[in-house]
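> Numbering of the sequence shown is given in the numbering used here, commencing with residue 188 and proceeding in unit increments. The beta carbon of each residue, even a glycine, is placed where N, CA and C say it ideally should be. Since the structure is predicted, the reported quantities are computational estimates derived from the model, not experimental observations.
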Amino acid sequence: MNSIKSVPARVLSRRGGHSLEAEREQFDKNQAISISKAINTQEAPVKEKHARRIILGTHHEKGAFTFWSYAIGLPLPSSAILSWKFCHVLHKVLRDGHPNVLQDCQRYRSNIRETGDLWGHLHDRYGQLVSIYTRLLLTKISFHVKHPEFPPGLEVSDEVLEKTAGTDVNNIFQLTVELFDYLDCELKLSESVFRQLNTSMAVSQMSAVQCRLAPLIQVIQDCSHLYHYAVKLMFKLHSCLPADTLQGHRDRFHEQFRSLKNFFKRASDMLYFKRLIQIPRLPESPPNFLRASALAEHVKPVVVIPEEAPEDEEPENLIEISTTSTTEPQISSDLFEQTFGPPNGVWDDRDAQIESLKREVDTLRAEMEKVKLEAQRYITQLKAQVNSLEGEVEEQRKQKQKALVDNEQLRDELDRLQRVKQDSDRSQRLCAEAEKKANATEIRYTKLKEKHSELINTHAELLRKNADTAKQLTVTQQSQEEVARVKEQLAFQVEQVKREAEMKLEDQSVQMEQLRQELDARRDELEQAQRSLSHAKQAGVELSAQVDALHAEKEVLRRSVSEKECELLSTRGLVEEKELQLSQEADRATREIRELQGRLLEKSNQEQSLQQQLLEDQFAVLQETVREAQGILRDAMAKLDDPLHLRCTSSPDYLLSRAQAALDSTDALEKGHAQYVASMADAAGLVGALALFAHLTADTIVNGSATSHLAPTDHADRLTETCRDCGQRSLDYLDELRERQRLSRAELGDVRRALRGVLQLAQELRPKSLDIKQEELGDMVEKEMASTSEAIEDAVRRIEEMMSQARSESSGVKLEVNERILNSCTDLMKAIRLLVTTSTNLQKEIVESGRGAATTQEFYAKNSRWTEGLISASKAVGWGATQLVESADRVVLHTGKYEELIVCSHEIAASTAQLVAASKVKAEKSSRNLAKLQECSRNVNEMAANVVASTKSGQEQIEEKDTMDFSGMSLIKLKKEEMETQVKVLELEKRLEGERVRLGELRKQHYVLAGGCDPEDEEIRPAPAPRRGILKKPPIAQKPGLAEP
């Protein structure tokens, strides 16, 4: 508004004829006001009208002297925001100011550099941006000083770009690098601004965010031109240099293209830029410089700026209305009334009065909002009118400035025409002098010609005299010698005169030719000067007519400015009247609000009483929850001594999970307790945490008691006492929560220690697994599966070697038996190899589908029992394959027994069945790998049966059976043989029973070592002895990995 008020003063000063000094003082004052308003410490964008006045000031004084005289006095080191806005204004002045601004800024490069270095060393968010912005400005100034063909606004035609680049490849290469550096500085500033906005989760409509985003409008304008020039120069370079030489240029351009495209996309998505600038769209992919025809497909990006950008400022409030009543929280209703309704089914009279007062307050508030909105709308309209008038005044000022510039140009043209006229006058004088010289030369030529004719006549007369003398010579012999001498003298004189005349004639002819040529040139110059003089006179007449038209238009503009000033004064009067009305209405509304605030104060007192009732209700809910939790814990502790609970059992792993869950729930309980102590009006968090804690702790106690029923005596007693102590500590904590005085001092330390004791005992009772770390289980599985595959491959290779050795060393029936046995072993190994491969694939599928976001190692560690089962089964398969090969080797060499081969086949079948079962536990039923694994398992069983069959048939072929002939024995001898045979049968049966018992014990110990059961359990519950003559297998422990708690 200050600039609008100063318009009439300036117009009147011109009309009144004030001096240039007064106008200069007014100009300096206006510039100082605009600079102080544009560059300040408020975190808001620079207003366009202030920046526009500074730019117009540079055009007025044809430089930036006034701007820098005020700018160097700004306290830039004291505020990063002040420095940021200074850089923004300087950027706009460089782009849109007078061309001489560049040279003025060149003189203050050190000030710009010092500001950037200062803020670059400080850890300030705006300071880092200022450091980057100053580097951009220094790069901009250096580039345009070095290349004056490019104006700071970067708007040049393609012809100027071609002329600047020239035809020298080195110059084109250097110019391209400088453009890349220029564009890098622009993009680095935009990336830094967006990076700060991302960290603060800002919205583009906030003034603090707009303060950072405002300079990016100039960055977008610069980047569009720099990108176009870089594309042009890159195509020109590729037409002059090989593609390999420019690989670095292409990589750098592609990186800048991606960064610029991302910058334009993010800026175009922001609402702030949509109403200030139209951002161009870059192509999806960068130009292909290797294809020269791609230059025709390139489209220059064009940035469009509206004629007048909307101001980023909110209309000022003409009145200040207290909003304390509108920001007060709404009064919450009574919790008891919300739940059960009003007592006795009727409403209190005070509630009705409060409701009516609230309705009145809402009505008054709505009316006040309407009044405010209407006032704001009217103010906005008035400001829009003021801004439009101000724009018209600025436009008229621009037209005046343009008229002054045109007048100066016409004056220069008139001076030039006058100089041309003077040159033409000088040419006329030179032409007259040349004509005079030509006339004198002609006169001299005429004289020389006359003298030449005289010489010719003299020569003729001398010749006649010579003839007369010759005649006289015949008469007078005495004078012969004298006549001869005179003749010679006369001949010499004649020859000398001839030579002199010829030389003079040649010189005169050359001079005449030169004078003729000079005379023709002077005549042509005179004609040109006369034509230019006539044109100049005609142009002078036209210019004088234009000047008269401009003076007339200037008078019209002055009259329109006066009319606009009158309209502005009338508008201001209307605004003042409206402001007075609004102030009166605001006073009346303020009085009404004070009355309503008194009524609301009474209501707040009632609210306090209701708040106290709410605290009592929340404490009562907490006490009910505490009583329920105590009942749950006491019921769980009663299970410790309940004889009916002795039949209940549980595993240490499940107890471990329950105890860990209970321990984790203590954190939520502690957090809920802290929240309740901080705000006793909300007990929801503590109530929920108490319920969860009570159930999990009771579950831990019950499962601890169930686990102790299967544990050794010492561990069982310790576990029971620890569970009982845990329950008692929990009850003590709950007792503290029941009293108001002790509630804030309640601690969970004893409860946590008791739960950790349960965790430690559960860990001790877990079955002893492989002596490896949980983290190494995943690597162990892969290593064991790989070693199993290697063992099978080695077994197949050894069987092939045994096959070739048997063919070379045996023949006949033995060769046939050995080949049949080795072929069946080879088929078995191949089937096992296929099964191991399928099991590995199924295992990977299980891990990928079950691990979720966890790693493979974490999945194996989480399912340690299943992992250990896989490891055990894989080891068993590899060991069985090795034993089968060794047994086959001994059978072929006749150093082993056929029964060893049969047992190894059974062992391999059992091991592969264990591997299949371990893999099947966690696989999905619809898995293709699972179906393939089951098919491979059936194939292994068939191949193992073939090995057993081929072994038995070979054994029958090799071993010769003795024929039993008892015909020669007596009855007594037969009876004796029968008794001896019965004794051998009994001995063998006894030995068989002993071996079977030994086999059962060996299997028990195998499962103990594999983690299937606890050796102490075996001592407590020994297996019953088998009956005579019956093979009773020992109770098989659970296989590792088949069941997870």
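Would you kindly report the start and end of the unbroken alpha helix (DSSP H) that includes Val217?
Translated into positions along the sequence shown, residue 217 becomes position 30. According to the sequence displayed, residue 217 carries Asn and not Val. Run containing Asn217: 207–225, per the alpha helix (DSSP H) assignment.
> So, at 7 Å on beta carbons, what are the nonlocal neighbours of Leu403 in its own chain, with the 5 sequence-adjacent residues on each side left out?
For the purposes of this step, residue 403 is taken as residue 216 along the sequence shown, with counting starting at 1. Only Ser377, Val380, Ala454 meet the Cβ criterion.
> Tell me which residue opens and which closes the alpha helix (DSSP H) that Glu321 is part of.
Locating residue 321 in the sequence shown gives position 134, where the first residue counts as 1. One point to set straight first is that residue 321 is Thr, not Glu, in the sequence displayed. Counting along the chain, the alpha helix (DSSP H) containing Thr321 begins and ends at 312–333.
> By alpha-carbon positions, which one of Lys826, Leu831, Thr887, Phe806 ends up nearest to Val874?
What you label residue 874 is simply residue 687 of the sequence shown in a count that begins at 1. Nearest option by C-alpha distance: Phe806.
> Bridge partners of Gln465, per DSSP?
Numbered from its first residue, the sequence shown carries residue 465 at position 278. BP columns for Gln465 point to Val491.
> Apply the 10 Å Cβ neighbour rule to Ala823 and answer buried if 16 or more other Cβ atoms are within range, or exposed otherwise.
As a position in the sequence shown, residue 823 is number 636, starting the count at 1. By the neighbour-count rule (16 or more Cβ atoms within 10 Å), Ala823 is buried.
> Check this for me: beta carbons of Phe252 and Val280, under 9 Å apart or not?
Counting from one through the sequence shown, the residue named residue 252 turns up at place 65. Counting from one through the sequence shown, the residue named residue 280 turns up at place 93. The answer is no: Cβ separation not under 9 Å.
> Which residue's Cα is closest to the Cα of Ala776: Ile1058, Asp922, Asp549, Gly340?
Within the sequence shown, numbered from 1, the residue matching residue 776 stands at position 589. Considering only alpha carbons, the answer is Asp549.
> If you measure between the beta carbons of Leu692 and Asn653, is that distance less than 9 Å?
Counted from its first residue, the sequence shown places residue 692 at position 505. Counted from its first residue, the sequence shown places residue 653 at position 466. No, the Cβ-Cβ distance between Leu692 and Asn653 is not below 9 Å.
> Determine contact between the region 791–808 and the region 885–902, defined as no fewer than three beta-carbon pairs at a distance below 8 Å.
Counting Cβ pairs under 8 Å, fewer than three are found: no touch.
> Considering only heavy atoms of the ligand GDP, does any lie closer than 8 Å to the CB of His275?
Of the ligands one can find in the structure shown there are none, so the ligand GDP has no counterpart to examine.
> Please state whether DSSP places Ser976 in a helix, a strand or coil.
Your numbering for residue 976 matches position 789 in the sequence shown. Ser976 falls in the helix class under three-state DSSP.
> Which term fits Gly1294, buried or exposed, when burial requires 16 or more other beta carbons within 10 angstroms of its beta carbon?
Because the chain here runs from 188 to 1232, residue 1294 falls outside it and cannot be looked at.
> Taking the alpha helix (DSSP H) that Met421 belongs to, which residues open and close that run?
Position 234 of the sequence shown, counted from the first residue, corresponds to residue 421. Element bounds for Met421: 403–427.
> Would you tell me roughly how many angstroms separate the C-alpha atoms of Gln517 and Ala562, rounded to the nearest one?
For the purposes of this step, residue 517 is identified with residue 330 of the sequence shown, where counting begins at 1. For the purposes of this step, residue 562 is identified with residue 375 of the sequence shown, where counting begins at 1. Because Gln517 sits at a pLDDT of 38, beneath the cut-off of 50, its placement in the model cannot be relied upon, and the following sentence gives the value as read from the coordinates. Rounded to whole angstroms, Gln517 to Ala562 spans 28 Å at the Cα level.
> In angstroms, rounded to a whole number, what distance separates the CA positions of Trp1053 and Ala1105?
Walking along the sequence shown from the start, residue 1053 turns up at place 866. Walking along the sequence shown from the start, residue 1105 turns up at place 918. Rounded to whole angstroms, Trp1053 to Ala1105 spans 7 Å at the Cα level.
> Can at least three beta-carbon pairs, one atom from the region 257–276 and one from the region 299–306, be found at a separation below 8 Å?
With a cut-off of 8 Å, the region 299–306 and the region 257–276 count as touching, because enough Cβ pairs lie within range.
> Given that a residue counts as buried once 16 or more other Cβ atoms are within 10 Å of its Cβ, and exposed if not, what is Asn357?
Position 170 of the sequence shown holds residue 357. Exposed, since its Cβ has fewer than 16 Cβ neighbours within 10 Å.
> Classify Asn1133 as buried or exposed, calling it buried when 16 or more other Cβ atoms lie within 10 Å of its own Cβ.
To locate residue 1133, count along the sequence shown from 1; it is residue 946. Counting Cβ neighbours within 10 Å, Asn1133 comes out buried, since at least 16 surround it.
> What is the DSSP secondary structure of Ser614, reduced to helix, strand or coil?
Within the sequence shown, numbered from 1, the residue matching residue 614 stands at position 427. Of the three classes helix, strand and coil, the one that applies to Ser614 here is helix, per DSSP.
> On the three-state DSSP scale, how would you describe Glu934?
The residue labelled residue 934 in the question sits at position 747 within the sequence shown. In the structure shown, Glu934 sits in coil (DSSP, three-state: anything other than H, G, I, E or B).
> Counting Cβ pairs, one atom from each stretch, are 3 or more of them under 8 Å apart for the region 1112–1129 and the region 1008–1025?
The region 1112–1129 vs the region 1008–1025: in contact.
> Mark Lys423 as exposed unless 16 or more other C-beta atoms lie within 10 angstroms of its C-beta, in which case mark it buried.
One-based indexing of the sequence shown puts residue 423 at position 236. Result: buried.
> If contacts are defined as beta-carbon pairs under 8 Å, then Leu948 and Thr909 qualify, I think. What distance do you get, rounded to the angstrom?
In the sequence shown, the residue the question calls residue 948 occupies position 761. In the sequence shown, the residue the question calls residue 909 occupies position 722. Yes, they are in contact, since the Cβ atoms of Leu948 and Thr909 sit about 6 Å apart, within 8 Å.
> Do Thr628 and Ala702 count as a contact pair if the criterion is CB distance below 9 Å?
Position 515 of the sequence shown, counted from the first residue, corresponds to residue 702. Position 441 of the sequence shown, counted from the first residue, corresponds to residue 628. Per the sequence shown, residue 702 should be read as Leu rather than Ala. In contact: Leu702 and Thr628 (Cβ atoms closer than 9 Å).
> Could you give the residue range of the alpha helix (DSSP H) that holds Ala1105?
Here residue 1105 refers to the residue found at position 918 of the sequence shown. 1085–1107 is the extent of the alpha helix (DSSP H) around Ala1105.
> Can you check the region 692–759 for any alpha helix (DSSP H) of at least 4 residues that lies completely inside it and give the ranges in chain order?
Listed in chain order, nothing qualifies, since the region 692–759 has no complete alpha helix (DSSP H) run of 4 or more residues.
> For Gln683, which three-state DSSP category applies?
One-based indexing of the sequence shown puts residue 683 at position 496. Note: Gln683 maps to helix in three-state DSSP.
> Along the chain, where does the alpha helix (DSSP H) that runs through Leu850 open and close?
Residue 850 sits at position 663 when you count from the first residue of the sequence shown. It spans 839–865 - the alpha helix (DSSP H) in which Leu850 sits, taken as one unbroken run.
> For a quick check, are the C-beta atoms of Tyr863 and Leu809 less than 9 Å apart?
Taking the sequence shown and counting its residues from 1, one reaches residue 863 at position 676. Taking the sequence shown and counting its residues from 1, one reaches residue 809 at position 622. Taking 9 Å as the Cβ cut-off, Tyr863 and Leu809 qualify as a contacting pair.
> Distance cutoff 9 Å, beta carbons only. Does Leu769 sit that close to anything in chain C?
The chain labelled as chain C is not found in the depicted structure, where only one protein chain is given.
> Measuring straight from C-alpha to C-alpha, what distance separates Asp311 and Phe451?
What you label residue 311 is simply residue 124 of the sequence shown in a count that begins at 1. What you label residue 451 is simply residue 264 of the sequence shown in a count that begins at 1. Looking at the two C-alpha atoms, the distance is approximately 27 Å.
> If you run the structure through DSSP and keep just helix, strand and coil, what is Asn358?
Along the sequence shown, read from residue 1 onward, the residue named residue 358 stands at position 171. If DSSP states are grouped into helix, strand and coil, Asn358 belongs with the helices.
> Three or more beta-carbon pairs under 8 Å between the region 834–851 and the region 875–893, yes or no?
Taking 8 Å as the limit for Cβ pairs, the verdict is that the region 875–893 does touch the region 834–851.
> Closer than 7 Å by C-beta to Lys375: which residues in its own chain qualify, once you throw out the five before and the five after it? Chain order, please.
Position 188 of the sequence shown holds residue 375. Contacts found: Ile319.
> Determine the contact status of Ala688 and His639, defining contact as a CB-CB distance below 9 Å.
Residue numbering aside, residue 688 sits at position 501 when the sequence shown is read from its first letter. Residue numbering aside, residue 639 sits at position 452 when the sequence shown is read from its first letter. Taking 9 Å as the Cβ cut-off, Ala688 and His639 qualify as a contacting pair.
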